[in-house]
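S.K.: Structure in structure tokens, see below.
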């Protein structure tokens, strides 16, 4: 599996996919990597789906809840401070490997 360039806490923009999601930005809550499957991310406040929940001891009412669904990692891009999509590169800074914006050379 290749190295993922997007991490939890990054601000991202949805580049492709559902019409109502395209162009929206949010913070990555979770990166999901499973063996044999493509990586996906969960972005706060985006791709909200309704889920029917059976009544249980912890939730005696049951009902319909809303939660964020995952988005394929190829459909999102990292965002800089101006809100524009950027490409990520790497640079060795001392003994650490840091992510940089390829266009400006600014560290992320």
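Numbering (our numbering), first residue to last: 1 to 108.
Glycine included, C-beta positions come from ideal geometry on N, C-alpha and C.
Under a three-way DSSP split, which group does residue 47 fall into?
M.R.: Counting from one through the chain shown, the residue named residue 47 turns up at place 47. If DSSP states are grouped into helix, strand and coil, residue 47 belongs with coil.
S.K.: I think residue 41 touches residue 86, with their Cβ atoms under 8 Å apart; what is that distance to the nearest whole Å?
M.R.: The residue given as residue 41 occupies position 41 in the chain shown. The residue given as residue 86 occupies position 86 in the chain shown. That pair is no contact at about 16 Å.
S.K.: Counting along the chain, where does the beta strand (DSSP E) carrying residue 11 start and finish?
M.R.: Start at 1 with the first residue of the chain shown, and residue 11 comes out as number 11. From DSSP, the beta strand (DSSP E) with residue 11 extends over 11-14.
S.K.: Take residue 6 as the anchor and find which of 26, 20 and 96 has the nearest alpha-carbon.
M.R.: The sequence position of residue 6 within the chain shown is 6, counting from 1. Closest by alpha carbon: 26.
S.K.: By the three-class DSSP mapping on this structure, what secondary structure does residue 6 have?
M.R.: Position 6 of the chain shown holds residue 6. Residue 6 falls in the coil class under three-state DSSP.
S.K.: Might you give, ordered along the chain, the residues of its own chain that have their beta carbon closer than 8 Å to the beta carbon of residue 54, omitting 5 neighbours on each side?
M.R.: Position 54 of the chain shown, counting from 1, holds the residue named residue 54. Here the set comprises 62.
S.K.: How about residue 39 and residue 48: are their beta carbons less than 8 Å apart?
M.R.: Here residue 39 corresponds to residue number 39 of the chain shown, with the count starting at 1. Here residue 48 corresponds to residue number 48 of the chain shown, with the count starting at 1. In this structure, residue 48 does not lie closer than 8 Å to residue 39 by Cβ.
S.K.: Do the CB positions of residue 46 and residue 22 come within less than 8 Å of each other?
M.R.: Against the chain shown, residue 46 aligns to sequence position 46. Against the chain shown, residue 22 aligns to sequence position 22. For residue 46 and residue 22, no; Cβs fall outside 8 Å.
S.K.: Taking only three categories from DSSP, how would you classify residue 42?
M.R.: As a first step, residue 42 is located in the chain shown; it is residue number 42 there, counting from the start. Strand.
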